[in-house]
Each structure stands twice: as structure tokens, then as C-alpha cells.
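Enquirer: My questions all concern the structure below.
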Amino acid sequence: MNHRVFTVRVKPYQDESLSSYLYRLASFNGTKMLQLWNSLKVNYTAHYAQWNDINLIDSAPINTINVKRLSEYVNVSEGVLLDCTLYNVQRLFCGSKEIERSRLLSGIIRENLHYCPKCFEEKKYNRLLWRIDHINGCIKHGDKLLQKCSFCNEEIKYKDISVIGECPYCENSLCDSRISQRIDEENLENESWYSATWEYLINNHDTPIQTYEVALRILFLLNNQKEHLDLNVIENNMRRPGSLPTLLQHARQSLAHERALHITFLLSVLKDNEIGLRGFLKLELPNIFREAINYKKKLLKDELFCLAPWCASYKKSGSLMKTGKSLKRRASGNILKYYLVCNTCGCEYAINEEDQLEERTYFIEAFNKLNEQVFEKPSLNELVLKTGLTTDKVRRSMAYFRSRSAFQDLDYQNGFVINEDLLSQFIKAIDKGETIKVISNWDLWGNINDYLSYRYHIRVIQTLNKKDVKVIEIKPDKKHEIIELLKCMYEQDEEISLKTVCEKLGVCAETIRYWGCNKVISKMKEKQKVKSILEKKTLIYSKVDDFLLNNINTKLSAAEIYKHIEFQRTVLWRVAPEITAYIGRRRMDHNQKLKVSGEEL
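In C-alpha cells form, the structure reads like this:
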């Protein structure tokens, strides 16, 4: 069928989801939904569209549908078509930053149909609002949305729908529901607020708002909209006071990697403070409040305190002590001065040029992320995936907390016991001037985790803190030199890694670290990964199919598949969620067939 000439060019309804519109468009023109969808793929050479990817049409349309081509086919503007998706929500808070989009709406897009029979009776199409986890009622008719077919009592998955307004399992009309439940007065106001807010979000075309500006406005609301900042008031008004430091980091733009605040957090704050999204976006903050958030206070040593929540010296002024190092110039020319350490817990700090206290270790970050997660006897890899920290950071953080008997339920080396004789030997070696590098190569260590458990023991840290550290002068032009090298390697598709950069420059990894260029290399390496994924989409699909075919009699885990295609799931999901969805579905089908054949035998 030539889709450039449709017999019937239907228009989408104002509140219709794009997936619903494609169902109707296909039906009116006597073709199949999948056939139409495959003619609208972003890339004609991409893998065949599958029902399991149907949710991506409404949540990630730019990656899933060629909206421009569809617009030409049906003579409907691209803007109107995108209004049938959650694109405007993503654009408002994330702009064009694809990596952030996944986190913004993570967990709120429904895979099962919630519906109002009376709406179906009026017009048979799926409303976009029904997709949102916050929406549980139909304000127009005053009824709660049904979550199952009232005839067969089955939850209806979007991927199984073949006819709009009809149960795919028993084929009864969803208009003829035998169940109806009114929204009670107590919940009506809540449902009305969320429905109005999401309608405004979906149809919003305002200029994107920066994440730091969102955080500033949230802090202003939590400050009871008073111009004079009071962190105690803000903390008392928060559902989770422990997230205040992170919120402040967003507002001050001091996070290592910028990321969007989750939409659920934003809306919960707006709801608690009885303000609509329109009012929030038009908020004007007093300059005195903005300045207070970003105030660069002149710090004195006796005013400083440890920032680690688990530490006995937490928030106790004067609890930090200076180390032997007093100055370090970064490659950018910025200076870290007054190196400090908490002798109670071992966390290290420094004061930057803006007179702010920075943690030089990463144990506080690890502590916060581990507290946010719920695990059941996790492995090291699971901790890495859940926290988003590097393997090295997780391994060292767990070693640090292991020697302090913290997070024992998360410890993949649970049961490890410090040998006091070996600990004493470690400390004596340091006192005699032995380097950490030499100690780490002792034959006494069973593995790297054993060594790290001793390395981050508080007594070892306290011993190391007695040692003087040389001031390292960094040449400011080194960062520019490395950036130019990385650009060249990126353009020529040369592998970017710390090792390859070191080889190109003829220096060691420690020198790169001294130059302060590890993050520069890491960012360019990540950019290269994204480029590689986009160029290899078709190849990835083929590698997945071949791997499953070659292991037809073997039950496969997701980790095995991602290892074979040589991509991390998280990286692939952020850039091409349709591929990870395909892998998940194919693996599930593969293992299910294996299970069925085993039962038959």
C-alpha cells in the first residue's frame, strides 16, 4: 500500500494518544497497524516494529516514529501529532538532552489500559491521559478508570490491543461495562488537579526551563515563598528532608552530571503547596533569595564540619583537621586549597575558590545512593547498576562501610572479618614509609576486595593522614591539549579510553589524573559510545537474533545478551530504548519457549 495517498485522512482528536491515532488511521485505510507503523520508522533499515514497542510511540515518539513523514502523509502538522504524545513534557524540562528524558518520566507510563467506558461510548479512541500513572479517574464523567475488562476480568496490555474499545481477550466491547464506580469527594479534587496539570503539560509549548531554575523555584515554594532563605523551614516542608542537599546541588548547578528532576517529585511539591504548573512556570523569585541560595560564604576552619550523616562528628563545627596538602591547581587553573579530613570517619574535603567545602572522596554520594535503593543480597554488578556509580567507586565504598559495619545487608562480601594482625602489619608498613601501591601488591591479599577492606579501615586512614602530601602544580594548557586530541580521535573513530589517551601523549594514568582531565576523557568516551550505538542499530538487532539462534537450547540472562553485543544496558536504553525493549521481549519469548518444550518432554 502506498501510504503517501490515503483514502481517508482522519485527524487525531485533541486528547488522543498517537498510538490510538495510528490504530484508527490504519483501520480507516484498510491496512494493518504494524504495516503502517513500519512505513513510518525513523530509519527504513531499522528492525521491524513489534507490538512490544507500542508504548514507545507515546513516550518516545522521536526515536520511534518519523513524525515529519507522518505529517506529510496525513496533512496534519508535526506539532499537532507531537501533542498526542509526551514529547512536550520532555521538551519543557529537558530540551534536547536525550539522556535526561528517560529519568524524567521513568516509571509513570502505563503498559496496561486504564479506561472510562462512557468515554469509549462517546468516541472510540484511547485518551493520552489514560497512559499516565497519576490519572485514576475521568473528570468528565466523574467515574474511576477501570483497570480490567469487566467481562473477563483481565488486565488489558496495550501491546495486545487489536481493536480500539474492544477487549483483545474476550472481544467484548469496553463501552458495555458492567462495573461503574464514582470518584468520591475526597479524591475528586486530587484527580481534577492532576488531570488539569497533565493536560497543561501535554499541550505546553513554552520555552524549555533549565533544571537549576526548576530546583530554585521548588526551594522557593518550600521556603513558603519568603524572600529570606531558611533551610530549616525548607527541610521541615519536605516529604524527604534527606534530599535537600541534592536539591541544593541542582539549584547551584554543582552536580557532576546534570540530570532532570523527576516529574513526580515536581508535581508532588506543587500539589502540597497548592500551586498549579502554570503559576509555577510564571513564578518570579526575589533576587535576595537567589543570592542566598548561591551565597559564597567565607569559610573559616573552626566553622567547618563533617558532612557525612553516619559520622559521630556530623555537623560539629571544628571537627575537620588540615592535612599536609594546602594547595592544588587544576588543569583549568582553578585552585583547591585547605585540604581537610575528618579523623572520625576518614572523609576528605577541600575548600574551592568560591570558599565552598567540597568532598574529595565519594562516600557521602555512595551513602545517599545506597540508602535510596532496596536490595536483596545484591552482587557487585547489581549495586553498580542500581546506584549508577562506577564499579571502582562501589567496590571502594563498600570496603569503606564494611570496616564500619554499615550496609551489611548489601555487602556482597558479607561475613568478612578484619584480621587484627594483618591490620597492624599494614599500619606499621605505612609508618615505615612503604607506599600504598607496594602494599596493595602483597601476596597476603586474597583479592582486591580484601585489600580495600583494610585500605579504608579508619585506623589505616588516620595513619595515612599523618603523612605530608606534595603540592602538585598543574599546567593550565594541558586540558586544552587533551581536548584537541580527543576531538581528533572522535572524528577519526579511534577508541577513546584513559589507556589510549595515555599512549598518545606518552604519559601515565596518574599524570592524567594530576592534570584533572579524567572527566574530560570520560565525557568524550560516553559521547563516542552514543555515536557508536546510533550507527550500529541494525547490527545490534542482528547480533541479538544470531545469539538467540545459536543458543536455542540454553536459558539466557539479559547480562549474557548485553555482554555478547558489547553494550551496557543503561547506555543503550538511554540512546535507543526501542532496542532494549526488543531485547527484553526476545529474551522472554526465547526462555518461555524453552520452558514449554522442557515441560512437554
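Under the working numbering, residues 2 to 602 are what the sequence shown spells out, in order.
For each residue, glycine too, the CB sits at the ideal point set by N, CA and C.
Flag this pair as yes or no: are the beta carbons of S166 and F121 separated by less than 8 Å?
Expert: Residue mapping note: residue 166 aligns to position 165 of the sequence shown, counting from 1. Residue mapping note: residue 121 aligns to position 120 of the sequence shown, counting from 1. In the sequence as displayed, the identity of residue 166 is Gly instead of Ser. Yes, the pair counts as a contact, with Cβ atoms nearer than the cut-off.
Enquirer: What residues are listed by DSSP as bridge partners for Y457?
Expert: Position 456 of the sequence shown, counting from 1, holds the residue named residue 457. Its beta-bridge partners do not exist; DSSP assigns none.
Enquirer: Y116 to S523, Cα distance in whole Å?
Expert: The sequence position of residue 116 within the sequence shown is 115, counting from 1. The sequence position of residue 523 within the sequence shown is 522, counting from 1. Those two C-alpha atoms are separated by around 46 Å.
Enquirer: Which class does Y195 belong to by DSSP, given the choice of helix, strand or coil?
Expert: Residue 195 sits at position 194 when you count from the first residue of the sequence shown. Residue state, collapsed to three classes: helix.
Enquirer: Quick one: residues in its chain with C-beta nearer than 6 Å to the C-beta of T392, no 5 flanking neighbours on either side, listed in chain order?
Expert: Against the sequence shown, residue 392 aligns to sequence position 391. Excluding positions up to five away in sequence, the list reads V385.
Enquirer: Does A351 come out as helix, strand or coil in the three-state DSSP assignment?
Expert: Translated into the one-based positions of the sequence shown, residue 351 becomes position 350. Of the three classes helix, strand and coil, the one that applies to A351 here is strand, per DSSP.
Enquirer: Taking buried to mean at least 16 other C-beta atoms within 10 Å of its own C-beta, is G280 buried or exposed?
Expert: In the sequence shown, the residue the question calls residue 280 occupies position 279. The residue in question, G280, is exposed, as its Cβ has fewer than 16 Cβ neighbours within 10 Å.
Enquirer: Starting from the C-beta of R102, find all residues in its chain whose C-beta is less than 6 Å away, skip the five residues before and the five after it, and write them out in chain order.
Expert: Position 101 of the sequence shown, counting from 1, holds the residue named residue 102. With a pLDDT of only 49 at R102, under the threshold of 50, the placement of this residue in the model should not be trusted, and no figure is reported.
Enquirer: Which partner residues of S174 appear in the DSSP bridge assignment?
Expert: For the purposes of this step, residue 174 is identified with residue 173 of the sequence shown, where counting begins at 1. DSSP, once it has assigned bridges, lists E167 as partnering S174.
Enquirer: Examine the Cβ distances between the region 310–322 and the region 281–297 and report whether three or more of them are shorter than 8 Å.
Expert: Touching, no, given that fewer than three Cβ pairs across the two stretches are closer than 8 Å.
Enquirer: Pull up the DSSP beta-bridge partners for E360, would you.
Expert: Along the sequence shown, one-based indexing puts residue 360 at 359. Answer by DSSP bridge pairing, in chain order: Y350.
Enquirer: Please list the segments of the alpha helix (DSSP H) lying wholly inside the region 369–434, counting only runs of 4 or more residues, in order along the chain.
Expert: Those alpha helix (DSSP H) runs which fall completely within the region 369–434 and span 4+ residues are 381–388, 392–403, 421–432.
Enquirer: Can you check which of these residues, K596, D177, R460, is closest to E421 by C-alpha distance?
Expert: Working through the sequence shown from its first residue, we reach residue 421 at position 420. Checked all of K596, D177, R460; the closest Cα to E421 is R460.
Enquirer: Give me, in chain order, the residues of the same chain whose beta-carbon lies closer than 7 Å to that of L602; leave out the 5 immediate sequence neighbours on both sides.
Expert: The count along the sequence shown starts at 1 and reaches residue 602 at position 601. For L602, the predicted structure reports a pLDDT of 46, less than 50, and the residue's modelled location is therefore unreliable. A value from the coordinates is still provided. Excluding positions up to five away in sequence, the list is empty.
Enquirer: Helix, strand or coil for D273 per DSSP?
Expert: As a first step, residue 273 is located in the sequence shown; it is residue number 272 there, counting from the start. In the structure shown, D273 sits in a helix (DSSP, three-state: H, G or I).
Enquirer: Taking three-plus beta-carbon pairs below 8 Å as touching, is the region 446–460 in contact with the region 490–498?
Expert: No: the two stretches stay apart, fewer than three of their Cβ pairs being nearer than 8 Å.
Enquirer: Roughly how many whole angstroms lie between the Cα atoms of S558 and I180?
Expert: Walking along the sequence shown from the start, residue 558 turns up at place 557. Walking along the sequence shown from the start, residue 180 turns up at place 179. If you take the alpha carbons of S558 and I180, they lie about 41 Å apart.
Enquirer: May I ask which residues mark the beginning and end of the alpha helix (DSSP H) holding M34?
Expert: In the sequence shown, residue 34 corresponds to position 33, counting from 1. Run containing M34: 34–39, per the alpha helix (DSSP H) assignment.
Enquirer: According to the neighbour-count rule (16 or more other Cβ atoms, all chains shown, within 10 Å of its Cβ), is S196 buried or exposed?
Expert: Sequence index remark: in the sequence shown, residue 196 carries index 195 (1-based). S196 comes out buried.
Enquirer: Which whole-angstrom value is the C-beta distance of I219 and V164, which I expect to be below 8 Å?
Expert: Residue 219 sits at position 218 when you count from the first residue of the sequence shown. Residue 164 sits at position 163 when you count from the first residue of the sequence shown. That belief does not hold up - the Cβ atoms of I219 and V164 are roughly 43 Å apart, past 8 Å.
Enquirer: Nearest to T362 by alpha carbon, out of Y340, V545, N137, T32?
Expert: Counting from 1 along the sequence shown, the entry for residue 362 is found at position 361. Among Y340, V545, N137, T32, the Cα nearest to that of T362 belongs to Y340.
Enquirer: For the candidate residues K488, R241, N225, whose alpha-carbon lies nearest to that of V234?
Expert: For the purposes of this step, residue 234 is taken as the residue at position 233 of the sequence shown. Checking every option, the nearest Cα to that of V234 belongs to N225.
Enquirer: How far does the alpha helix (DSSP H) with L286 in it reach, from first residue to last?
Expert: As a first step, residue 286 must be located in the sequence shown, where it is residue number 285. Taken as a continuous stretch (DSSP letters only), L286 belongs to no alpha helix (DSSP H), as it is neither H nor E.
Enquirer: Spatial neighbours of I100 within its chain, please: C-beta separation below 7 Å, excluding the five flanking residues on both sides.
Expert: Here residue 100 is taken as the residue at index 99 of the sequence shown, counted from 1. Note on I100: pLDDT 42, under 50, position unreliable in the model; the coordinate value appears next. Correct list, in chain order: R575.
Enquirer: Starting from V502 and walking both ways along the alpha helix (DSSP H), at which residues does that stretch end?
Expert: Position 501 of the sequence shown, counting from 1, holds the residue named residue 502. Unbroken alpha helix (DSSP H) run through V502: 499–506.
Enquirer: By how many angstroms is the C-alpha of L93 removed from the C-alpha of N205?
Expert: Sequence index remark: in the sequence shown, residue 205 carries index 204 (1-based). Sequence index remark: in the sequence shown, residue 93 carries index 92 (1-based). Roughly 8 Å between the two C-alpha positions.
Enquirer: Are the Cβ atoms of T86 and L41 separated by less than 8 Å?
Expert: Against the sequence shown, residue 86 aligns to sequence position 85. Against the sequence shown, residue 41 aligns to sequence position 40. Going by C-beta atoms, T86 is not nearer than 8 Å to L41.
Enquirer: Is it true that the CB of H251 sits closer than 8 Å to the CB of T212?
Expert: By one-based count along the sequence shown, residue 212 stands at place 211. By one-based count along the sequence shown, residue 251 stands at place 250. Their beta carbons are under 8 Å apart, which means T212 touches H251 by this criterion.
Enquirer: If we count the other Cβ atoms within 10 Å of its Cβ and call it buried at 16 or more, is T65 buried or exposed?
Expert: The residue you call residue 65 lines up with position 64 of the sequence shown. Classification for T65: buried.
Enquirer: Counting only the same chain and skipping the five closest in sequence on each side, list residues whose C-beta sits under 6 Å from that of A61.
Expert: Taking the sequence shown and counting its residues from 1, one reaches residue 61 at position 60. These residues qualify, in order along the chain: P578.
Enquirer: Between N1 and T265, what straight-line distance do the alpha-carbon atoms span, to the nearest angstrom?
Expert: Since the displayed the chain opens at 2 and closes at 602, residue 1 lies outside it and no answer follows.
Enquirer: Alpha carbon to alpha carbon, how far is I157 from I136?
Expert: Taking the sequence shown and counting its residues from 1, the one referred to as residue 157 is at position 156. Taking the sequence shown and counting its residues from 1, the one referred to as residue 136 is at position 135. If I take the Cα positions, the gap works out to 17 Å.
Enquirer: Apart from the five residues just before and just after I140, which ones in its own chain have a Cβ nearer than 7 Å to its Cβ?
Expert: What you label residue 140 is simply residue 139 of the sequence shown in a count that begins at 1. Once the five neighbours on either side are set aside, the close Cβ partners of I140 are E192, S193, S196.
Enquirer: Using the beta-carbon count (16 or more within 10 Å), is S107 buried or exposed?
Expert: As a position in the sequence shown, residue 107 is number 106, starting the count at 1. Its Cβ having fewer than 16 others within 10 Å, S107 is exposed.
Enquirer: Taking the straight line between their C-alpha atoms, what separation do you get for E354 and L83?
Expert: On the sequence shown, position 353 is the one that residue 354 refers to. On the sequence shown, position 82 is the one that residue 83 refers to. E354 and L83: Cα-Cα distance of roughly 45 Å.
Enquirer: Three-state secondary structure (DSSP) at M589?
Expert: Residue mapping note: residue 589 aligns to position 588 of the sequence shown, counting from 1. Correct three-state label for M589: helix.
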